[in-house]
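Residue numbers (UniProt numbering): 1 to 87.
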């Protein structure tokens, strides 16, 4: 079964302007927020991204955001796909 990691799902999602806009705005927000959390000494921030089944959109979005945010300093990024195996 396909998940948000499969090329077909990614291509479908990227064919929509809304996906690109959502990713850009989410990245901008997190690049603003995360350094402020670090500066305040906070050690944990959870960002949850969901979709109807938890296997397609949320997986693609979270994977892309993680790749884009790897350059942030003093943070460790981790993804947990809760529902990928559920279906």
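A virtual CB, placed ideally from N, CA and C, is assigned to each residue, including glycine. Since the structure is predicted, the reported quantities are computational estimates derived from the model, not experimental observations.
Classify residue 40 as helix, strand or coil using the three-state DSSP reduction.
coil
Taking all protein chains shown into account, do 16 or more other C-beta atoms lie within 10 angstroms of the C-beta of residue 13, making it buried, or fewer, making it exposed?
Within 10 angstroms of the beta-carbon of residue 13 lie 16 or more other beta-carbons, which makes it buried.
Please classify residue 45: does DSSP put it in a helix, a strand, or coil?
coil
Do residue 60 and residue 10 have their beta-carbon atoms positioned less than 8 Å apart in this structure?
Contact annotation: residue 10 and residue 60 have beta-carbon atoms nearer than 8 Å.
What residue range does the alpha helix (DSSP H) around residue 84 cover?
Note, residue 84: premise wrong, no alpha helix (DSSP H); not H, not E.
Between residue 62 and residue 79, how many whole angstroms is the CB-CB distance? I'm expecting something under 8 Å.
5 Å
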